[in-house]
Structures are given as structure tokens and as C-alpha cells.
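A.B. asks:
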Amino acid sequence: MIKVGLTTWTDHPFLSSGKKQKITLSEYARDFSLVEIDSSFYRIPPQSWVTKWQTQVSADFQFIVKANYAMTKTPLPHAPQLEGAALAKLFTELEQAVSPLVAANQLQSLLFQFPPSFTCNVTNVQYLQAIRKRLPQWPIAVEFRHASWFANSELTHDTLSFLAGLNYSNVVVDEPHAHNNGVPLVPIVTNPKLAFVRLHGRNEVAWAEGTRERYRYRYQPAELAQLTTIVQRLEQQASQVVVIFNNNAGKDAAPNALELKRKLHQEPNGGSLEQLNLF
Numbered sequence: 002m003i004k005v006g007l008t009t010w011t012d013h014p015f016l017s018s019g020k021k022q023k024i025t026l027s028e029y030a031r032d033f034s035l036v037e038i039d040s041s042f043y044r045i046p047p048q049s050w051v052t053k054w055q056t057q058v059s060a061d062f063q064f065i066v067k068a069n070y071a072m073t074k075t076p077l078p079h080a081p082q083l084e085g086a087a088l089a090k091l092f093t094e095l096e097q098a099v100s101p102l103v104a105a106n107q108l109q110s111l112l113f114q115f116p117p118s119f120t121c122n123v124t125n126v127q128y129l130q131a132i133r134k135r136l137p138q139w140p141i142a143v144e145f146r147h148a149s150w151f152a153n154s155e156l157t158h159d160t161l162s163f164l165a166g167l168n169y170s171n172v173v174v175d176e177p178h179a180h181n182n183g184v185p186l187v188p189i190v191t192n193p194k195l196a197f198v199r200l201h202g203r204n205e206v207a208w209a210e211g212t213r214e215r216y217r218y219r220y221q222p223a224e225l226a227q228l229t230t231i232v233q234r235l236e237q238q239a240s241q242v243v244v245i246f247n248n249n250a251g252k253d254a255a256p257n258a259l260e261l262k263r264k265l266h267q268e269p270n271g272g273s274l275e276q277l278n279l280f
């Protein structure tokens, strides 16, 4: 099974024919049955928020929850890095927050998106092992943003084998990786239960700048056709495939995602496919 979704549900005016700049979750769910929660990267949501989200979607709707910045060692301005008991407490808070999703079988995966500073070294390998020890039964997807994890064929093999050994899903990323400033697209499944594809766009000029503009990109029909083939091949290796569009600086994620659903012969849940006169 293949599910297609977007990062966050609010910032997609295309889903309302441009009438609204902010979309509600129930409106979003007319077109998609999967969403990635990114706000948890900055602040773990109260459990009450999570249960409210559940009331706005159907029982088969799935959530991907992004791990907090401190859990992925991501440096943020004016934000403390946590260690020891403080970090352990944060893990507990995340578990408690998303427990309603677990109980309802609505947690597709936790997403650990590691920063470019998280390079391939012994310390970081040990940290990845510690995460699995801390969350032994949880579905976890890992996205790297430094090319050292895939520097050559041997390291790529070792990285993928390591992820598989911890039952982590390798996040197959589509992003610029010229000049060693990103990771290559490696469409390999490391967890047969879940293949995870995350599409950031191919804006090579803005990618190195590190601003939101790096996600300003609209996939063209030929590129979406290529991605469709990749996703269908992953489906042969995993029982579930999720595809998240994160190319939304120019509001392109929703139309691109709906077009991919059409190429996969998937009907929208209720809404916006007829708007696709853009391709």
C-alpha cells in the first residue's frame, strides 16, 4: 500500500482552490490520509492536541510525528541542547503525547531527521543505537542530511545494514546533492514494514543557503513519472510505502502530491484532483 501526504496540513491553499490560506485538518483529510507533523520538532504537542486531531479524521488516517530538535542533536538559535535526564524526560513526553495515536493504530512512524552536523562517526552510531534501546517497539524512520553516511558504495552498504539491524526505515530523500551538499537518493528498503520517501525538491541554487527557499520547487511531469516508478518499486519490497512532499515554499507540495496520486491511480479522499490542470 502506498500513502501520499504533505508536511503539515495548514499551509496548502491549493486544497481550497486558493480561497483559504490556512487549511484545517478535516479539510486536508478530504484529499490525503497521511500527514507529517513538523511542529513537534520545535515543541512536543500536549496529548490533548493529539486527541483533538483524531476527532477530525477517519480511523484509517495516519500521522508521522517528527522527533524534537533536541532528540536529533539539531542546533537551533537560542534553544538548549539536552543531555542525560533532561533528554530522557523529553523522550518520555513524546511517548505520552503520541500514545493516543499508538492506541488507535494511527502512528505511521516517528521521523528522526538528523542535521548536516550529524556525520557518520562512532559517537553518532552509538546514539542511534541508544534511541532504539530507548524506544524498542516504536516505528522509527531515519533521515540523514550529511553525505558521509553514503560517501561510497561500502559506506552506503554499511549504513543501510546498520539501519536494518535496528529495524529503522531508511528515509529515501530526493534533494540536491551537488558538491557534497546533501545526500543521494538511495531507494533501498531497510524495514520491510515501511518504506519512507521524502521529497524536498531539486532547487540546487537555494539548497546551500539553508533558508526556507531551498524548498521552493515544483516537480515537473517527467520528474514525477520517475518518482512514481521508484515508489512502485519500493512497494514490491515493503508492505507500506509513505511519500511526503516537503517542497512547499512556493505552495507546490499539494498539487505535486495530488498529481503523484493520479499517476499511482489513487483517488483523492474527497476533494481536489479535478483542479490539476497544471501539468
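Quick note: the sequence shown uses the numbering used here, first residue 2, plus one each step.
Quick reminder that beta carbons are idealized off the backbone N, C-alpha and C, glycines included.
Please read these numbers as outputs of a predicted model, since none were measured by experiment.
Assuming PHE246 contacts LEU200 under a Cβ cut-off of 8 Å, what Cβ separation, rounded to an integer in Å, is found between them?
C.D. replies: Position 245 of the sequence shown, counting from 1, holds the residue named residue 246. Position 199 of the sequence shown, counting from 1, holds the residue named residue 200. Their Cβ separation, rounded to whole angstroms, is 5 Å, which keeps PHE246 and LEU200 in contact under 8 Å.
A.B. asks: DSSP state of LEU274, grouped into three classes?
C.D. replies: The count along the sequence shown starts at 1 and reaches residue 274 at position 273. With a pLDDT of 45 at LEU274, under the threshold of 50, the modelled position of that residue is not reliable, and no figure is offered here.
A.B. asks: Please work out which residues of its chain come closer than 8 Å, Cβ to Cβ, to LEU274, disregarding the five sequence neighbours upstream and downstream, and give them in chain order.
C.D. replies: As a first step, residue 274 must be located in the sequence shown, where it is residue number 273. With a pLDDT of 45 at LEU274, under the threshold of 50, the modelled position of that residue is not reliable, and no figure is offered here.
A.B. asks: Is the Cβ-Cβ distance between VAL184 and ALA142 less than 8 Å?
C.D. replies: Within the sequence shown, residue 184 is the residue found at index 183, counting from 1. Within the sequence shown, residue 142 is the residue found at index 141, counting from 1. The answer is no: Cβ separation not under 8 Å.
A.B. asks: Tell me which residues share the same chain as LEU102 and place their Cβ nearer than 7 Å to its Cβ, disregarding the 5 neighbours each side in the sequence.
C.D. replies: Stepping through the sequence shown from its first residue, residue 102 is reached at position 101. Around LEU102: VAL51, PHE64 and LEU108.
A.B. asks: On the DSSP bridge assignment, give the partners of ASP175 in chain order.
C.D. replies: The residue labelled residue 175 in the question sits at position 174 within the sequence shown. In DSSP, ASP175 forms a bridge with LEU200.
A.B. asks: Quick check: the Cα distance between GLU28 and ASP39, rounded to an integer number of angstroms?
C.D. replies: Walking along the sequence shown from the start, residue 28 turns up at place 27. Walking along the sequence shown from the start, residue 39 turns up at place 38. Rounded to the nearest angstrom, the two C-alpha atoms are 18 Å apart.
A.B. asks: Going by DSSP in three states, SER170 sits in which element: helix, strand or coil?
C.D. replies: The sequence position of residue 170 within the sequence shown is 169, counting from 1. In the structure shown, SER170 sits in a strand (DSSP, three-state: E or B).
A.B. asks: Report the rounded CA-to-CA distance for GLN130 versus PRO116, giving the unit in angstroms.
C.D. replies: Mapped onto the sequence shown, residue 130 falls at position 129. Mapped onto the sequence shown, residue 116 falls at position 115. Going from the Cα of GLN130 to the Cα of PRO116 covers about 17 Å.
A.B. asks: Quick test of your reading: TRP208 and PRO177, contact by CB under 8 Å. State the CB separation rounded to the nearest angstrom.
C.D. replies: Position 207 of the sequence shown, counting from 1, holds the residue named residue 208. Position 176 of the sequence shown, counting from 1, holds the residue named residue 177. Sure, about 4 Å apart at Cβ, within 8 Å.
A.B. asks: Can the beta-carbon of LYS194 be found closer than 8 Å to that of ALA239?
C.D. replies: Taking the sequence shown and counting its residues from 1, one reaches residue 194 at position 193. Taking the sequence shown and counting its residues from 1, one reaches residue 239 at position 238. Their beta carbons are under 8 Å apart, which means LYS194 touches ALA239 by this criterion.
A.B. asks: Strictly under 8 Å for the Cβ-Cβ distance: is ILE65 near chain C by that measure?
C.D. replies: The chain inventory of the structure shown lacks chain C, comprising one protein chain alone.
A.B. asks: Identify, in the order they occur along the chain, each residue of the same chain with its Cβ nearer than 6 Å to the Cβ of GLN241, setting aside the five sequence neighbours on each side.
C.D. replies: Taking the sequence shown and counting its residues from 1, the one referred to as residue 241 is at position 240. Once the five neighbours on either side are set aside, the close Cβ partners of GLN241 are MET2 and LEU195.
A.B. asks: Determine the DSSP secondary structure at THR25, reduced to helix, strand or coil.
C.D. replies: Stepping through the sequence shown from its first residue, residue 25 is reached at position 24. Here THR25 sits in coil by DSSP.
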